[in-house]
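First up is the structure itself, then whatever we jot down about it.
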Amino acid sequence: MNTVGLYVPGSGPLHRVPAGAKILVLLAVGVALVAFADHRVAVGALAAAISLYPVVGLPLRHAGGVVRSLWPFVLAIALFQTFFGDWQTGLRLAAQLLALVLLANAVTLTTRVREMLDLFERVCRPLSRIGVNSDRVALVLALTVRSIPMVAAAWRAAREGYRARGLSGRPHLLVVPVIVQLLRMAEATGEALVARGIDEDTRGEYGSRTDRVSAD
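Per my numbering, the very first residue in the sequence shown carries number 250; after that it's consecutive.
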């Protein structure tokens, strides 16, 4: 399982495809859906996205979870477009959104975070000519990904404390405990980075640049 806890181990055909190829195909499908702005194409793409899950060995409950999470927003978009435009546009936008999210979710479920980070690091490597440090970019992405379960854990801890105290009807009381917990996690992460010498390397880079500027 990956850092976020979304990766589903398996040996299906999509698991064996490199991360770069999956991202390129996802981008191509997104461009194609926008280019062929037709509600029948969008509905066909949605049906194909749902059918993809069992084909590549992913349980359909993963697709169902995505639909359950998005249906209020998708329904609101479809109703808005239908009311102010036409039903074909509303159906097309709803189907496009669901299809792309389902496909992106399938990529996430079949790709380890480490593969994604390696991919982004390789993509950023040519930018080193203009001063971009690809290792630092990968580190920032890794910390960003790691923050997702951290936020979820902080929210669960605050909610459990909220319920244990018998509080109800005042969800704003969860804000401060969540922020405090996140600040503690961020401090622990910073201490871990300093312990590994990352902060010292950064100061060294900035120090050497300052010395060069002073010498000039």
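By construction, the Cβ of each residue, glycine as well, lies at the ideal position given by its N, Cα and C atoms.
Fair warning: this is a prediction, and the values are worked out from it, not measured in the lab.
- [ ] Report the option in 407, 344 and 423 whose CA atom is closest to the CA atom of residue 316.
- [x] Sequence index remark: in the sequence shown, residue 316 carries index 67 (1-based). Selected option, being the one with the closest Cα: 344.
- [ ] Would you check if there are 3 or more beta carbon pairs closer than 8 Å linking the segment 375 to 386 to the segment 328 to 348?
- [x] no
- [ ] Tell me where the alpha helix (DSSP H) around residue 259 begins and ends.
- [x] Residue mapping note: residue 259 aligns to position 10 of the sequence shown, counting from 1. From DSSP, residue 259 is part of no alpha helix (DSSP H); its letter is neither H nor E.
TODO: Assuming residue 351 and residue 275 form a contact by the criterion Cβ under 8 Å, report the distance between their Cβ atoms to the nearest whole angstrom.
DONE: The residue given as residue 351 occupies position 102 in the sequence shown. The residue given as residue 275 occupies position 26 in the sequence shown. The Cβ separation is near 11 Å, so there is no contact.
Task: Alpha carbon of residue 339 to alpha carbon of residue 348, nearest angstrom - done: By one-based count along the sequence shown, residue 339 stands at place 90. By one-based count along the sequence shown, residue 348 stands at place 99. So the two alpha carbons sit approximately 14 Å from each other.
- [ ] For residue 324, collect the residues of the same chain with a Cβ closer than 8 Å to its Cβ; drop the 5 residues on either side in sequence, then sort them by chain order.
- [x] Walking along the sequence shown from the start, residue 324 turns up at place 75. Counting only Cβ-Cβ distances below 8 Å, and skipping sequence neighbours, we find 343.
TODO: Check whether the segment 360 to 377 touches the segment 282 to 301, taking contact to mean three or more Cβ pairs, one atom from each stretch, closer than 8 Å.
DONE: no
Open item on the list: Helix, strand or coil, according to DSSP, for residue 375 in the structure here?
Closed with: Locating residue 375 in the sequence shown gives position 126, where the first residue counts as 1. Under the three-state reduction of DSSP, residue 375 is assigned to helix.
Task: Burial state of residue 433 (16 or more Cβ within 10 Å) - done: Along the sequence shown, read from residue 1 onward, the residue named residue 433 stands at position 184. So residue 433 counts as exposed.
- [ ] Select from 424, 335 and 441 the residue whose C-alpha is nearest the C-alpha of residue 405.
- [x] Locating residue 405 in the sequence shown gives position 156, where the first residue counts as 1. Nearest C-alpha to residue 405: 424.
Open item on the list: Rounding to the nearest angstrom, what Cα-Cα distance links residue 373 and residue 366 in this structure?
Closed with: Position 124 of the sequence shown, counted from the first residue, corresponds to residue 373. Position 117 of the sequence shown, counted from the first residue, corresponds to residue 366. Near 11 Å, if we compare the C-alpha coordinates of residue 366 and residue 373.
- [ ] Assuming residue 259 and residue 368 form a contact by the criterion Cβ under 8 Å, report the distance between their Cβ atoms to the nearest whole angstrom.
- [x] Here the question's residue 259 lines up with position 10 in the sequence shown. Here the question's residue 368 lines up with position 119 in the sequence shown. That belief does not hold up - the Cβ atoms of residue 259 and residue 368 are roughly 20 Å apart, past 8 Å.
Open item on the list: Less than 7 Å between the beta carbons of residue 292 and residue 261, yes or no?
Closed with: The sequence position of residue 292 within the sequence shown is 43, counting from 1. The sequence position of residue 261 within the sequence shown is 12, counting from 1. No, Cβ-Cβ distance for residue 292 and residue 261 is not below 7 Å.
TODO: Below 8 Å CB to CB, which residues in the same chain sit around residue 319 once its five sequence neighbours on both sides are set aside?
DONE: Stepping through the sequence shown from its first residue, residue 319 is reached at position 70. Leaving aside the five residues that flank residue 319 on each side, the residues in its chain whose CB is nearer than 8 Å to its CB run, in chain order, 346, 347 and 350.
Open item on the list: Taking 7 Å as the threshold (C-beta atoms), are residue 309 and residue 302 in contact?
Closed with: Within the sequence shown, numbered from 1, the residue matching residue 302 stands at position 53. Within the sequence shown, numbered from 1, the residue matching residue 309 stands at position 60. In contact: residue 302 and residue 309 (Cβ atoms closer than 7 Å).
Open item on the list: Let's test the definition: count the other Cβ atoms within 10 Å of the Cβ of residue 267 and tell me whether it reaches 16, buried, or not, exposed.
Closed with: The count along the sequence shown starts at 1 and reaches residue 267 at position 18. Exposed, because fewer than 16 other Cβ atoms sit within 10 Å of the Cβ of residue 267.
Task: When 376, 435, 390 and 392 are compared against residue 403, the one with the closest alpha-carbon - done: Here residue 403 corresponds to residue number 154 of the sequence shown, with the count starting at 1. The candidate whose alpha carbon is nearest that of residue 403 is 435.
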